[in-house]
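Numbering (this note's numbering), first residue to last: 79 to 345. Since the structure comes first, as structure tokens, the remarks are kept for the end.
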């Protein structure tokens, strides 16, 4: 499955106008291509392209809007940078299929197949690596769904059930994402970070995406724009707990964290 070194850094490129971190928003294909080049130069192994913001509390755009945003960007980036690992951030099977045709090599689904019943069959047919993330409810309702008796146990169990459904379809090319910030409060997010090893036990690579999220800036009383240092601290913690992929807005700093942690020689 892996064409890149582990731990890997995934750079976020949002071709949206409403993603929570304003500096990640690319308003044109040309800007997305420029950002892709910068991230690759900084050491990104994967580029994650999204055309539908799924930040907590937002209303998602329709499929046509998402398609018009994300497909041209993926096509242009794949043409400008041949051989680049490109992930499409979508919960819609139709977008996943079109993105794969445009050059995407990974499907990143925040819903773990829960929002679109056709996603798992599409993923199984495509055969591309699939990032299976945990959430509870659509973005505009997930904040009110952050209720768990045992957040780690419940999230891991849900992901395990989704994995078994994929395996029953003959598909096993899976990357696990606990879904930091998606239907979880700050305390629950930190619990998941502390328990990251439980997700490693599922037997698949683990992706951690905490870049500039509320668990950082709300805890520190700052803004997302001021959350780079906190992001680096938690990315380092994630690496020490076994993260295989870091999904980030700031590639250079994440790559530096990977290099320094790797020098510790901790398994």
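Don't be surprised by glycine CBs; every beta carbon is placed ideally from N, CA and C.
| Asked | Found |
| --- | --- |
| Host alpha helix (DSSP H) of residue 186 (start-end) | Counting along the chain, residue 186 falls outside any alpha helix (DSSP H), though it belongs to the beta strand (DSSP E) covering 184 to 187. |
| Residues near residue 177 by beta carbon distance below 6 Å, same chain, minus five either side | 152, 166 |
| Where residue 88 sits in the DSSP three-state scheme | strand |
| Boundaries (first-last residue) of the alpha helix (DSSP H) holding residue 165 | Where residue 165 is concerned, there is no enclosing alpha helix (DSSP H), although the beta strand (DSSP E) it sits in stretches over 163 to 167. |
| Integer Cβ distance of residue 254 from residue 280, believed to fall under 8 Å | 6 Å |
| Anticipated Cβ contact below 8 Å, residue 278 with residue 320, distance rounded | 5 Å |
| Supposed contact pair residue 241 and residue 210 - C-beta distance, whole angstroms, cut 8 Å | 7 Å |
| Beta-bridge pairing of residue 208 - partner residues as DSSP gives them | 185, 252 |
| heavy atom of the ligand ADP below 6 Å from residue 131 C-beta | Ligands displayed in this structure: none; no statement on the ligand ADP is therefore possible. |
| Member of 124, 139, 214 whose CA lies at the smallest distance from the CA of residue 181 | 124 |
| Pairwise C-alpha distance: residue 170 and residue 193 | 8 Å |
| Pairwise C-alpha distance: residue 106 and residue 197 | 27 Å |
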